[in-house]
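See below for the structure under consideration.
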DNA sequence: TTGAAAGCGCTAACAG
DNA sequence: CTGTTAGCGCTTTCAA
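Chains as they are written, first to last, in this note's numbering: chain W, 479 to 825; chain Z, 479 to 825.
Next up, the structure:
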C-alpha cells in the first residue's frame, strides 16, 4: 500500500525544537538581537555577538528556514526539472544528463543554493508556475525536456524565472543554454566526407528539434564537401541499446543498400548498431564508420572505441546557473550556444 | 565573481503574490474556509467549495508552502545526500548511483514528497542535523557515503530520521538498506572456482567496508570450493578507467605471476584492466577471467561482454523510502539486505 | 547598541 | 457549515 505523505499529517509531534526566542532568553537579549547576530550584523556589540554565538553553538540551533523564507520571500532554492529514467529492462544511458545535473549541482552549491530535483509534470506550464507560486523555489532549470517549446513559451510569457538546456533559436523568447547541435552534426558530416563516405544513415528521431538540427548540420556539411552523398533515415522509438539493435537489425535485413557511414544520435544507440553490424559480419570502420553523440564515459573504452561528439557540461552547468541568477536579478541575459567537438576514435 | 545568494537579499521585490486572504475575499468567505476547501475538507458546503475552487483556478493560486510548513512542522521533503561527481578529466561512471537516485526519486514522487538533493558535507553529523533542525527536510537518505560509520552512528544517536544505502551490520544502530556484498563476492569466488582458476587478483580498496565484504565473500567461496586458490590484492586510489588502467599496467610490468582471474570492484575498473590486459596480449577469458561489479548499462555491450554483479536498485530505492517513512512514523524498522546476482557474460 | 512590535501566509481549535 | 482567533518562527522598521 502506498501511503500519501500528505494525508492526516497534522502538526508533527517531535520534541519542541529550540527557537530563536529560546536563544534570546538564554542570552538575555531580544529576538531581534539574536537575528542580527546570526546575520553578522556589525551593529551588534562584539561581546554580545560572541555570547549569542556560543549559546547557538552549544544548543546546535539553526534558524527555521521556513519562517525565514516566509518573511524574506526568497527561498534560496532552485528547482531542477529533469526526467530521471527509473530502472527498466532496457539499457539506456542517462550518463550525459547526469553529468549535466552534476555540473549544475556544483554551480548551485557554490552559490549556496539548495537544489530541488523535480520530475517533469505534464507538458503544461501550470505545474511549474506552481513551484514558484508556492515558493518552493525561486527559479527553475529545465534539463532534457525534449523541448516542448510551446509550453515553455507560455511559461516565459508568465514572467517565470527559468532557463533551459537546449539549443537556442531566434523564435524562442526564453533563455537557453545549449550546445551547437548543428555544428555537432556538421562535424560528423565533414568527417564522413573526409573519409570519402557516400551513403550516410542517420539513426534517431527527426521530430526532436535538437536531433533534426544535428541532421541538418550533417547534411549541410556533406553538401559543402561532397555533394554526391546520399542521406537516409532510420527512426527509432527510444534510444535504448535493445531498440536500436533490433530496429537496425530489421532494417539491415530488409534493405539492401548498406550505408558506409552511420550517425547515431547517442552513444548507446551507436553501440546497438555496432553490435548488429558486427553480427552481420560488417567491419567497422572499414565497411562503415559509426559516429555517436555525447561522449559517454564508456565511449572511449569500447571496441572499436567510439568516435563521438563531445559537449562541455561543466561550462553548460555553470552558465545555466549564472543566467538564471541574472534573470532573478531582473536582467534578460541572452541565450548561449556552446561549441561541440568531434572526438575521433576508432569507429 | 561568484555571488552569494544569501547576501543582501532582503524581502524580494516581485509582484505582491496572491494570498489565501485574497481568495477568501473574492469568494466572500473567511480564510479558514478557503483553507478547508483546499484541503478537501468535507465539512465545506459543496457549492462553497466549487466557488472557491473556481476562483483558485482562475487566479492560479497555490498555497505558500513555507507558511504551511512553518505551521505544520512538516515539510514533505526528503533530503537525499549524495556525492554527484562533477566533470573531471577521468572516466568514472556514476551510473549505478544515478540509477539508485532515479529509483529513490521515483518512490518519493509516488509519496508526493519533494526531493532536496544535497552534496555531502564534511564527515560530521552537524551538517545533517542542521538540515533537519532548519526544517528543510523531514528526513535524510544517504546514498554512497563510503560508510563513514562513526558519524552516522552519532547521527543515529541524535534521533535523526534517516536511512542509508549500505550493507547492514550488527554493530550498526541505524537502518540501512544494502545489497549483499558478501554474497556478491561469494558468487564471484564460486564462479572462479567453477572455472578452475587458481590465482585471483582483487582490484579495489579494502578499506571500504563494502568492498572488503565482497572480498571476504570471494575468499570464503574459494575456501569452500577450491582451497588451493591464491588471492592477491591490488589497491587503486580511485575507481576511474585511467587510474585502473595505469595502476594495473604498472603492476603487470612489475610482478611476474599473472593471475588467471580478476575481481574488479566496479565495471569501469574492470574495463581499465581489460584494456591493459588486451594491450599485453593476454586473452580474456582464456588466460584470465574478469568480473566487474554493478552491471552498468554498458557492461553487457562491451567486448568481451562483462561478467558482473547485479543489484536491484528499483527495490533498493523503494525500500529506502519505505523504511524512512516507517521511521518518520515512529517505528524502528530493521535493516535489509537485498540479494545480488551474478550475470555471466563473456569475460 | 538594543528592544518592542508588526507582520510574512497559513492552519486549527473553538465557537457559533 | 463557517468565522474568529491565536499563533507557527523569523525579520525589520522604528524608537529608545
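Ideal Cβ positions, reconstructed from N, Cα and C, are used throughout, including at glycine.
Every value quoted in this text rests on a predicted model; they were computed, and no experiment measured them.
Asked, Found
"Check the C-beta distance from residue 613 (chain Z) over to residue 542 (chain W) and give it rounded, since I have them as a contact under 8 angstroms.", "5 angstroms"
"Does any residue of chain W bring its CB to less than 8 angstroms from the CB of residue 779 (chain Z)?", "yes"
"Can you find a C-beta in chain Z that's less than 8 angstroms from the C-beta of residue 728 (chain W)?", "no"
"Are the CB atoms of residue 708 (chain W) and residue 669 (chain W) nearer to each other than 8 angstroms?", "no"
"If we count Cβ pairs, one from each stretch, closer than 8 angstroms, do we get three or more for the stretch 528 to 544 of chain Z versus the stretch 562 to 580 of chain Z?", "no"
"For the candidate residues W:561, W:502, W:593, whose alpha-carbon lies nearest to that of residue 799 (chain W)?", "W:593"
"Is residue 749 (chain W) close to chain Z, meaning its C-beta is less than 8 angstroms from at least one C-beta of that chain?", "yes"
"Could you give the distance in angstroms between the alpha-carbon of residue 714 (chain Z) and the alpha-carbon of residue 648 (chain W)?", "50 angstroms"
"Against residue 579 (chain W), what residues of chain Z qualify as contacts under a CB-to-CB distance less than 7 angstroms, listed in chain order?", "562"
"For residue 771 (chain Z) versus residue 571 (chain W), is the C-beta distance shorter than 8 angstroms?", "no"
"Can you find a C-beta in chain W that's less than 8 angstroms from the C-beta of residue 655 (chain Z)?", "no"
"Using 8 angstroms as the cut-off, can you tell me whether the stretch 639 to 656 of chain W makes contact with the stretch 747 to 767 of chain W, which would need three or more C-beta pairs spanning the two stretches below that distance?", "no"
"Starting from residue 671 (chain Z) and walking both ways along the alpha helix (DSSP H), at which residues does that stretch end?", "659 to 672"
"Hey, residue 823 (chain Z) and residue 785 (chain Z) are a contact pair by Cβ (cut 8 angstroms); roughly how many whole angstroms apart?", "5 angstroms"
"Note down the Cα distance separating residue 642 (chain W) from residue 591 (chain W), rounded to an integer number of angstroms.", "18 angstroms"
"Hey, how far is the Cα of residue 665 (chain Z) from the Cα of residue 789 (chain Z)?", "13 angstroms"
"What is the DSSP secondary structure of residue 814 (chain Z), counted as helix, strand or coil?", "strand"
"Could you work out which residue in W:730, W:825, W:644 is closest to residue 741 (chain W) when comparing CA atoms only?", "W:825"
"From what residue to what residue does the alpha helix (DSSP H) around residue 575 (chain W) run?", "573 to 588"
"Exposed or buried, what is residue 583 (chain Z) when buried is set at 16 or more other beta-carbons lying within 10 Å of its beta-carbon?", "buried"
"Run through DSSP, which three-state label would residue 473 (chain Z) get?", "With chain Z covering 479 to 825 only, the question about residue 473 (chain Z) has no answer from this structure."
"For the stretch 760 to 777 of chain W, which residues have a CB atom closer than 8 angstroms to at least one CB atom of chain Z, in sequence order?", "774, 775, 776"
"Report the residues of the stretch 578 to 609 of chain Z with a CB closer than 8 angstroms to any CB of chain W, ordered along the chain.", "579, 580, 581, 583, 584, 587, 588, 589, 590, 591, 592, 593, 594, 595, 596, 597, 604, 607, 608"
"Quick check: the Cα distance between residue 630 (chain Z) and residue 813 (chain Z), rounded to an integer number of angstroms?", "14 angstroms"
"Threshold first: 3 residues or longer. Then list the beta strand (DSSP E) segments lying entirely within the stretch 708 to 794 of chain W, N to C.", "708 to 713, 739 to 742, 767 to 769, 786 to 789"
"Considering residue 616 (chain Z), what are the terminal residues of the beta strand (DSSP E) in which it resides?", "Taken as a continuous stretch (DSSP letters only), residue 616 (chain Z) belongs to no beta strand (DSSP E), as it is neither H nor E."
"Return the bridge partner residues of residue 679 (chain Z) from the DSSP annotation.", "Z:710, Z:740"
"Give me the Cα-Cα distance between residue 639 (chain W) and residue 605 (chain W), rounded to the nearest whole angstrom.", "14 angstroms"
"Taking only the alpha-carbon atoms, compute the straight-line gap between residue 697 (chain W) and residue 723 (chain W) and give it to the nearest angstrom.", "24 angstroms"
"For residue 482 (chain Z) and residue 589 (chain W), what's the separation of their Cα atoms in angstroms?", "Unreliable placement is indicated for residue 482 (chain Z), whose pLDDT of 35 sits below 50; no coordinate value is reported for it."
"Could you check how far apart the C-beta atoms of residue 556 (chain Z) and residue 521 (chain Z) are, in whole angstroms? I think they sit under 8 angstroms.", "With 8 angstroms as the limit, residue 556 (chain Z) and residue 521 (chain Z) do not qualify as a contact, their Cβ atoms being about 31 angstroms apart."
"So with Cβ pairs under 8 angstroms, would you call residue 570 (chain Z) a contact of chain W?", "yes"
"Any idea if residue 691 (chain W) is buried or exposed, counting beta-carbon neighbours within 10 angstroms, 16 or more meaning buried?", "buried"
"Residues in the stretch 527 to 551 of chain Z with C-beta within 8 angstroms of chain W's C-beta atoms, listed in sequence order?", "538, 539, 540, 541, 542, 543, 544, 545, 547, 548, 549, 550, 551"
"Taking Cβ positions only, does residue 791 (chain Z) come closer than 8 angstroms to chain W?", "yes"
"Assign residue 820 (chain W) to one of three DSSP states: helix, strand, or coil.", "strand"
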